[in-house]
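Peer 1: Numbering (the working numbering), first residue to last: 309 to 531.
Quick reminder that beta carbons are idealized off the backbone N, C-alpha and C, glycines included.
Dropping the structure in here first, questions after.
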């Protein structure tokens, strides 16, 4: 079956709306994503890896797309085997951090932070939904780097972001700063959401929008 890669017209549409982070193609054994001028190849097996690498260079040549760096990431069946992406093309002395745009909003990407780089591009439409909903107060469970909170805050919401990882929430604060959003009116809680929810209920706190986007695995005792 022929692999379908993103077409020039759709890339122009993304550029016009202020987006430079998105999926380039998907096959059964992996996918390729763009993060600004960087590329991330995610693969499930060696055959998928070689196919995606080969087809990417053919596609990039045909499209006239210039990439600064290419990273690759193995998609293991077991979560404990997950590793941070590895640089396979480009200058290794450059920073692992970069900033991407999604519909005018800025998000930090860090290829060295772990298996996930900071933004799930397949949630783009859901972030836009949150932004258009313009809630007054939003609870973001399993917040990770707080991209949903940023989308809500830009629309005027006060947000509560909860995640087990303090590091992830610090990255979330950085995303707020990248978009010139003050921390006032926003809470970042590093704790187990199942411990936080009863406390919020006891205090009588209410939200008109709640985001539930749990990870595929967790470090809490609930897994």
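1. Residue 448 by DSSP, collapsed to three states: which one?
2. Given this structure, state the Cα-to-Cα distance separating residue 446 from residue 437, to the nearest angstrom.
3. Identify, in the order they occur along the chain, each residue of the same chain with its Cβ nearer than 6 Å to the Cβ of residue 518, setting aside the five sequence neighbours on each side.
4. Count the other CB atoms within 10 Å of the CB of residue 317; is the residue buried (16 or more) or exposed (fewer)?
5. Check whether the stretch 400-410 and the stretch 319-329 touch, using three or more Cβ-Cβ pairs below 8 Å as the test.
6. Kindly provide the ranges of any alpha helix (DSSP H) runs that are 4 or more residues long and lie completely inside the stretch 409-451, ordered along the chain.
7. Any idea what DSSP makes of residue 528, helix, strand or coil?
8. Report yes if the C-beta distance between residue 465 and residue 443 is below 8 Å; otherwise report no.
9. Please classify residue 529 as buried or exposed, where buried requires at least 16 neighbouring CB atoms within 10 angstroms.
10. For residue 380, which residues of its own chain have a beta-carbon under 6 Å away from its beta-carbon, when the five flanking residues on both sides are left out?
11. Is the beta carbon of residue 378 less than 8 Å from the beta carbon of residue 398?
12. From residue 477 to residue 449, what does the alpha carbon distance come to, in whole angstroms?
13. Go ahead and pull the three-state DSSP assignment for residue 346.
14. Helix, strand or coil: which one does DSSP assign to residue 471?
15. For residue 498, report the span of its beta strand (DSSP E) as first-last.
16. Using the Cβ count rule (16 or more neighbours within 10 Å means buried), how would you classify residue 439?
Peer 2: According to the structure data:
1. DSSP places residue 448 in the strand class (E or B) of the three-state scheme.
2. About 13 Å.
3. The residues are 447.
4. Around the beta carbon of residue 317, a 10 Å sphere encloses fewer than 16 other beta carbons of the protein chains shown; the residue is thus reported as exposed.
5. Output reads yes: the stretch 319-329 touches the stretch 400-410.
6. DSSP runs (the alpha helix (DSSP H)) wholly in the stretch 409-451: 432-441.
7. With a pLDDT of only 49 at residue 528, under the threshold of 50, the placement of this residue in the model should not be trusted; the figure read from the coordinates follows. Residue state, collapsed to three classes: coil.
8. Yes, these two residues count as a Cβ contact at 8 Å.
9. Note on residue 529: pLDDT 47, under 50, position unreliable in the model; the coordinate value appears next. Under this definition residue 529 is an exposed residue.
10. Taken in chain order, the residues that qualify are 349, 394 and 396.
11. Yes; because the gap between Cβ atoms is below 8 Å, this pair is in contact.
12. Cα to Cα, the separation comes out at about 12 Å.
13. DSSP, read as helix, strand or coil, puts residue 346 in strand.
14. Looking at residue 471 - three-state DSSP - the assignment turns out to be strand.
15. First-last of the beta strand (DSSP E) with residue 498: 494-498.
16. Burial check for residue 439: the Cβ neighbour count within 10 Å reaches 16 or more, so the residue is buried.
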